[in-house]
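A.B. asks:
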Amino acid sequence: MTPLLKLRLTPLCEDCFNQIELSRPERLPVELLPDLLTVSDDELSRLLEQREAEEDAISKRRRLLHGRIDILRGERTARLKAQVAAGGGADFPSPTSLDRPLYSGTGDVPSEDALMPLPDLATISDDDLRTMIRALEHEEDDISLNRRFLQGQVDILRAERAKRSRDIAGGHVNPGDLGPILRGGPPEAA
0 MTPLLKLRLT PLCEDCFNQI ELSRPERLPV ELLPDLLTVS DDELSRLLEQ
50 REAEEDAISK RRRLLHGRID ILRGERTARL KAQVAAGGGA DFPSPTSLDR
100 PLYSGTGDVP SEDALMPLPD LATISDDDLR TMIRALEHEE DDISLNRRFL
150 QGQVDILRAE RAKRSRDIAG GHVNPGDLGP ILRGGPPEAA
C-alpha cells in the first residue's frame, strides 16, 4: 500500500523563521495540492503549468519591488551624502533602528494590480521616503514567502511527474521523498 501524500505548507506565524511574534497567530493561507494519487497525468501537467505561471508572475512583481526599493534607497543615500558634503549633521538612523527581522510582512499577498508610479522623489520628505522603503520591504516579504511556497509545490509536482515518467517506486512521490525534494536533491530510490 502506497502512503497518501497530503501536504500542507502552512507554517504557524509564531514558528516562522526567526520566532518574531506577529499580530496574527493563525496559519497563513496556502492553496493545498490535491492528492497526487488521484490526479491524472494531464491534470498533473495542467497543475504544474498553473503553479509555474503563478510563480513567474509573483517573481516578476518581486523583481519590480526590488528595483523600487533600490531606487528609494539610492535616493536616501544621496540625500545623506549631500548633507555630509554640505557640512551639516546628517540624519543618520541609530543602529537599532536599522534592525529588521527576517520576515516582517503580514502574510497577505497583495493583489496583482500594477504598481503605482513612484512620486517625484524631490518632493518627498526623508520620513516619507523611509516609510515608503519600509512598506515596499513588507510587501516584498509577503511576496517572497508566497513564492517559496509556490516553489516547493512546483518541486513536488515536478518530482511526481518525473517519478511517473520513469515509473520509479510505483510512480508516485511518497512522504519520505519530500525532504530531499524540497532541499533540491534527488528523491531517494526505493
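Note that the sequence shown covers residues 0 to 189 in numbering that gives the first Met the number 0.
Glycine is no exception: its CB is placed at the ideal position from the N, C-alpha and C atoms.
How big is the Cα-Cα spacing for Glu20 and Asp166?
C.D. replies: Since pLDDT at Glu20 reaches only 48, below the 50 mark, its modelled position is unreliable, and the value read off the structure follows with that caveat. Going from the Cα of Glu20 to the Cα of Asp166 covers about 45 Å.
A.B. asks: Determine the contact status of Glu139 and Leu64, defining contact as a CB-CB distance below 7 Å.
C.D. replies: Contact flag set, yes.
A.B. asks: Would Ile142 pass as a contact of Ile57 if the rule is Cβ separation under 7 Å?
C.D. replies: Yes, these two residues count as a Cβ contact at 7 Å.
A.B. asks: Would you check if the distance between the CB atom of Leu144 and the CB atom of Glu74 is smaller than 7 Å?
C.D. replies: Cβ atoms of Leu144 and Glu74: not closer than 7 Å.
A.B. asks: Taking Cβ to Cβ, would you say Arg67 is nearer than 7 Å to Leu135?
C.D. replies: Yes, these two residues count as a Cβ contact at 7 Å.
A.B. asks: Less than 7 Å between C-beta atoms, sequence neighbours within five positions excluded: which residues of the same chain meet that for Arg78?
C.D. replies: Asp125.
A.B. asks: Can you check which of these residues, Arg163, Ser164 and Val153, is closest to Gln49 by C-alpha distance?
C.D. replies: Measuring from the Cα of Gln49, the nearest candidate turns out to be Val153.
A.B. asks: Whole angstroms is fine: what's the gap from Leu35's alpha carbon to Met115's?
C.D. replies: Leu35 and Met115: Cα-Cα distance of roughly 40 Å.
A.B. asks: Quick check: what's the CA-CA separation for Leu46 versus Asn173?
C.D. replies: Approximately 18 Å, taken between the alpha carbons.
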